[in-house]
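What follows is a set of notes on a single structure, which appears directly below.
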Amino acid sequence: MVDIFPHIYSYQQFIDDLPVAACTCDQGGYIQLFNEKAVRLFGRAPAPGAEKWTDFWKEFGEDGSGLELNKIAPVETFVRKPDGRHRHVRIYNRSLSGPDGSPAGSIHIITDITKDNSEEEGTTHRAFIVQSSYDAILSITLEGIVKSWNEGATRIFGYAAEEIIGQPVTKLLPPDRLDEEPAILEHVKKGERVDHFETKRLTKCKRLIDISLTISPIKDSAGNIIGASKIARDISEQKSMARINREREELFRMAVESTNIGSWEFYPRTSHFIVSDESRKIWGIEREAVISIPYLQHLVHEDDWEMLKRNALHAMAADGKFQAQFRIYRADTWELRWVKVQGMIFFSENREPERFIGTMLDITADKTFTDRLEEIVNERTRELITLNEQLRRSNDELEQFAYIASHDLQEPMRKVQTFAELIEKNLGEPELLERYAGRIKASSARMIGLIRDVLDFSRLSKVAVQLQEVDLNIVLREAMETWRPEMEKRNAALQSDLLPVIKGNADQLYQLFHNLISNSLKFCEKPPLIHISVSRLHHQQVMIVFRDNGIGFEQKYAEKIFHIFSHLNAVEQYSGTGIGLALCRKIVENHGGAITATGIPREGATFFISFPL
Amino acid sequence: MKSTITCVLIDDDIDDQEIFLYAMHEISPDITCRFFSDGDVAVRKLKEEKDFLPDCFFIDLNMPRMDGRTCLAEIKKIDRLKDVPVAIYTTSADPKDMEETRNAGADDYIIKEASFDDLKPRLVSFLQHIEENG
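Chains A and B, in that order, give the protein sequences. For the first sequence, position 137 (counting from the first letter as 1) is numbered 137 according to our numbering, and the numbering increases by one without interruption. For the second sequence, position 6 (counting from the first letter as 1) is numbered 6 according to our numbering, and the numbering increases by one without interruption.
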């Protein structure tokens, strides 16, 4: 390069001496020489031979569109300096030729014609902002014709600038909103701005979008309104988010209303409560009432407060989630209700509880239902236990019956057989025949007695007692009446207190006294003396004490005497089948009572019979 | 068979006492039988009558008050009588009763048979056993 400029130093000097910015380029357009003024205008010194003249600045047209720097001079353009400032410049370009006349490069003289620096720069700046804006920015004439259209507008509405410029802006309006545009233009003509007008517009592919419009009038240098600029922002997404939020809120509100869930918040630092109307309803607290911890404490059931506190402390120590079921007294009616609370604690950075939020629900109905279920289950369990007890007793009785069938009932039969054999052996001895025949008759009678008693006993086991009011005085009198001949013969006496009226079965209670008297008369060697007294244990139970002066028994047999067919005494000495007292126990048990006995040998026996009233 | 055998039957059932006596007399008219209807009374009397030494005991199991088992144990406690053979004489055919009484020192277990002709051979075999070992 240098060799084609033999007077290179004079060239540099020439350029330096110029009152304006100037530089030279080689044939490829790379900068060679430049002066101080050029450096000032450029904002920095270019690297000679490495930077192209055309690439050095970014140039824009007045409307902000990019320009190819033309080599044909002169040209007026806007340039952006490296510091971002824009200048309005006029450039004079001139080709340079070598000594032989061949092209050798160019010289460029640039004059800064920026009139009002700040204004010019502002315009260029605005043009740039418009072009690069994310929002749609367009301008229209007062007739509604699109004059300019930025990239943002293309992105939002789908039309390229050349498709829409010169077209009526109503192309963007949905059919039902066509009247919006004249109204907007009315405002514009009056010089008014329209801010953040939310409406809908159609895109090129007829999709309806939500936009927010800001419209400002455009004036010419004389101040006449010649059109309007429109900034449109696509708010479809915001809109749909807002709609989703609204729907969610609505859903939540519906859920809350349909389930009667109350919500609440608590700020421990200020002890401040915020509760929903539903929560107030659950507590029975008026709208105006101020809610505090002590106030709630006096509404919570005294047995549940500690549990509730423990629960909250535990949640604070753990993950902050808590849940509790407890009883409250409603503030308005003082009605006891079951509530369920579920909540979450939010902590500050140093793990201080900052905020409690949660829900509450009145679960009295559920709880009552659950309690009722529990009650039913308990009742059934009790019934089963009773049934089991009955089964066990019935089983015991079956075992006793098996024993009776194999033993007690077999006894008289065996004797009948043996004595029949002895009769055969002694056919010639009338005295013995009579004796053995008597034995056979006695055994048979005993057999019949046993069978009858077993039947009585089993009947007692099966029949449920029909409960009626029974006057025990009458029952006792009837029983005594049956035994009157025997008692008179034995010179027996019976004294009784006034007996109570109990709920029971008269026939069975008659049988009870009949058997007891029978027992006393049977096991007595002196004139029998029976004494019956009554003592009331408490308001639901009465005790009848039946005492005789018979042979008594040793205390160790006190339980055995009530077992079926257990004889304490030799059968021949005291006649009986051994079932009388077993029947007595059965009868008393059928009446929900109990019978026990104490005895002193040769002095007498005492029976204690308790009945529920 | 030894002609002068003395046996004791402890049984609350007087029919059975009569049947027993009849059977013994059929076996040998010289057999002497003594009866107690109550275990308690029997034990008391046996303790009192220090000269009385029977050849064998027959004890019923199912008796009121003192039952046969207790009675057997009480007799075995009396030094003078502890080696006298004992046969249980009962209606019970329960193997448990047999086992328990054998362990308690009973030498034989005779079930009160319905047929007289079945009973007698059982009694005879017990009496023979006594003679052989006596």
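Every residue gets a Cβ at the ideal spot worked out from N, C-alpha and C, and that includes glycine. Fair warning: this is a prediction, and the values are worked out from it, not measured in the lab.
When the Cα atoms are used, what is the spatial distance from residue i to residue j?
i	j	result
residue 161 of chain A	residue 150 of chain A	7 Å
residue 163 of chain A	residue 146 of chain A	10 Å
residue 365 of chain A	residue 496 of chain A	56 Å
residue 460 of chain A	residue 388 of chain A	18 Å
residue 624 of chain A	residue 26 of chain A	This structure gives no information on residue 624 of chain A, because the portion of chain A shown stretches from 1 to 613.
residue 46 of chain B	residue 72 of chain B	12 Å
residue 398 of chain A	residue 408 of chain A	14 Å
residue 217 of chain A	residue 138 of chain A	12 Å
residue 110 of chain A	residue 129 of chain A	26 Å
residue 596 of chain A	residue 585 of chain A	8 Å
residue 594 of chain A	residue 542 of chain A	11 Å
residue 47 of chain A	residue 103 of chain A	22 Å
residue 442 of chain A	residue 411 of chain A	12 Å
residue 95 of chain B	residue 488 of chain A	49 Å
residue 437 of chain A	residue 591 of chain A	44 Å
residue 167 of chain A	residue 261 of chain A	58 Å
residue 190 of chain A	residue 251 of chain A	45 Å
residue 131 of chain A	residue 153 of chain A	10 Å
Return helix, strand or coil for residue i, following the three-state DSSP convention.
i	result
residue 553 of chain A	coil
residue 134 of chain A	coil
residue 18 of chain B	helix
residue 41 of chain A	helix
residue 199 of chain A	strand
residue 295 of chain A	helix
residue 479 of chain A	helix
residue 1 of chain A	Residue confidence for residue 1 of chain A is low, a pLDDT of 44 falling below 50, so the modelled location carries little weight and cannot support an answer.
residue 523 of chain A	coil
residue 182 of chain A	helix
residue 89 of chain A	strand
residue 433 of chain A	helix
residue 348 of chain A	coil
residue 560 of chain A	helix
residue 102 of chain A	coil
residue 30 of chain A	strand
residue 163 of chain A	helix
residue 390 of chain A	helix
residue 358 of chain A	strand
residue 323 of chain A	strand
residue 605 of chain A	strand
residue 471 of chain A	strand
residue 6 of chain B	strand
residue 112 of chain A	strand
residue 173 of chain A	coil
residue 333 of chain A	coil
residue 599 of chain A	strand
residue 52 of chain A	strand
residue 25 of chain B	helix
residue 460 of chain A	helix
residue 493 of chain A	strand
residue 371 of chain A	helix
Run through chain B and tell me which residues come within less than 7 Å of residue i, C-beta to C-beta.
i	result
residue 418 of chain A	19, 114, 116
residue 422 of chain A	22, 116
residue 415 of chain A	15
residue 411 of chain A	91
residue 439 of chain A	15
Taking C-beta pairs closer than 9 Å, name the residues in chain A that residue i reaches, listed in chain order.
i	result
residue 6 of chain B	Here the premise fails: no neighbours, minimum Cβ distance about 23 Å.
Taking C-beta pairs closer than 9 Å, name the residues in chain B that residue i reaches, listed in chain order.
i	result
residue 602 of chain A	What residue 602 of chain A touches in chain B: nothing, since even the nearest Cβ is about 13 Å away.
Just checking residue i against the ligand ATP - is the residue's beta carbon closer than 7 Å to any of the ligand's heavy atoms?
i	result
residue 545 of chain A	The ligand ATP is not part of this structure, which contains no ligands at all.
Check each residue of the region 102 to 133 of chain B: if its Cβ is closer than 9 Å to any Cβ of chain A, include it; give the result in chain order.
-> Of all residues in the region 102 to 133 of chain B, the ones placed with a Cβ closer than 9 Å to any Cβ belonging to chain A are 112, 113, 114, 115, 116, 117, 119, in chain order.
Determine which residues of the region 79 to 95 of chain B have a Cβ less than 8 Å from any Cβ of chain A, and write them out in chain order.
-> Listed by position, the residues of the region 79 to 95 of chain B near chain A (Cβ gap below 8 Å) are 91, 92.
Interfacial residues, the region 541 to 564 of chain A to chain B, with Cβ spacing under 7 Å | Residues of the region 541 to 564 of chain A with a C-beta atom less than 7 Å from some C-beta of chain B do not occur.
Give, in chain order, every unbroken run of the alpha helix (DSSP H) that is at least 4 residues long and sits entirely within the region 30 to 117 of chain B.
-> Complete alpha helix (DSSP H) runs here, min 4: 39 to 48, 68 to 77, 95 to 103.
Fully enclosed by the region 231 to 319 of chain A, which beta strand (DSSP E) runs are 3 residues long or longer?
-> Whole beta strand (DSSP E) segments, 3+ residues: 262 to 267, 272 to 275.
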